[in-house]
Amino acid sequence: MTNVLLTPQGPPLSVDDTRDPRVAAAPGPAVLFANSAASGEIGQGSAPETSQARSALATGSNRPLAYREAGADWHELGYEAADHWKGLSPELRQRLIADRTAQLNREEYSVTTSGASASMITSNWTYTGSPRKYRVAGELRELAEVLAEITGD
Numbered sequence: 001m002t003n004v005l006l007t008p009q010g011p012p013l014s015v016d017d018t019r020d021p022r023v024a025a026a027p028g029p030a031v032l033f034a035n036s037a038a039s040g041e042i043g044q045g046s047a048p049e050t051s052q053a054r055s056a057l058a059t060g061s062n063r064p065l066a067y068r069e070a071g072a073d074w075h076e077l078g079y080e081a082a083d084h085w086k087g088l089s090p091e092l093r094q095r096l097i098a099d100r101t102a103q104l105n106r107e108e109y110s111v112t113t114s115g116a117s118a119s120m121i122t123s124n125w126t127y128t129g130s131p132r133k134y135r136v137a138g139e140l141r142e143l144a145e146v147l148a149e150i151t152g153d
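Per our numbering, the sequence shown starts with residue 1, numbered consecutively.
As structure tokens, then:
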């Protein structure tokens, strides 16, 4: 399976897995995505607009596998955080990358968590108020922070 390495240092790169020397050498910030069929052309080194390719990859339907903050080790995302990120619409992903404190209403949260009860809070979400407003937390927030650094948002 081919994955895509996203860094601010260059265009998205096709890599095999976390053992790929280019993944190990990426200093961070960096994100490793599973390459989806819809974005197969990304990661081939042919994207003319590097920041545009990064943004498309970050907000597309790709499943994040791991991220690395600058100066830190690689962190593999748990299945729940990866599922929730993949469940976000591209518009909502972009909104969260632009503003990690952006709030979601109950309906957005329910869609993102595949119909899970709006009262179910995980380590990736927090809520306040009535009616409830949700925000990303934990791994999802850290992923959004790293993607913001990479895409320049």
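Beta carbons: idealized from backbone N, C-alpha and C, even for Gly.
- Per the DSSP secondary-structure output, VAL31 pairs in a beta bridge with LEU6, TYR67.
- Listed in chain order, the non-local C-beta contacts of LEU143 below 8 angstroms within the same chain comprise VAL31, PRO64, TYR67, LEU77, ALA81, TRP85, local neighbours out to five positions each way being set aside.
- Runs of the alpha helix (DSSP H) spanning 4 or more residues and lying entirely within the stretch 62-131 occur at 79-87, 90-98, 106-112, in chain order.
- For ARG141, the enclosing alpha helix (DSSP H) has its first and last residue at 138-151.
- When the Cα atoms are used, GLN94 and ILE121 turn out to be separated by approximately 22 angstroms.
- Cβ neighbours of SER123 within its own chain (closer than 6 angstroms, five residues either side excluded): GLY138.
- For ALA26, no alpha helix (DSSP H) run applies, since DSSP gives it neither H nor E.
- If you draw a straight line from the Cα of ALA98 to the Cα of VAL136, it comes to about 13 angstroms.
- Distance from the Cα of ASP20 is smallest, within the candidate group ASN3, THR7, PRO11, for ASN3.
- Of the candidates THR113, ALA58, VAL15, ALA58 places its Cα closest to the Cα of VAL146.
- Contact between GLY115 and PRO90 is ruled out by a C-beta separation of about 20 angstroms, above the 8 angstroms threshold.
- Closest in C-alpha terms to TYR109, from the list ASN62, LEU88, THR128, PRO11, comes LEU88.
- Listed as beta-bridge partners of ARG135 by DSSP are THR126.
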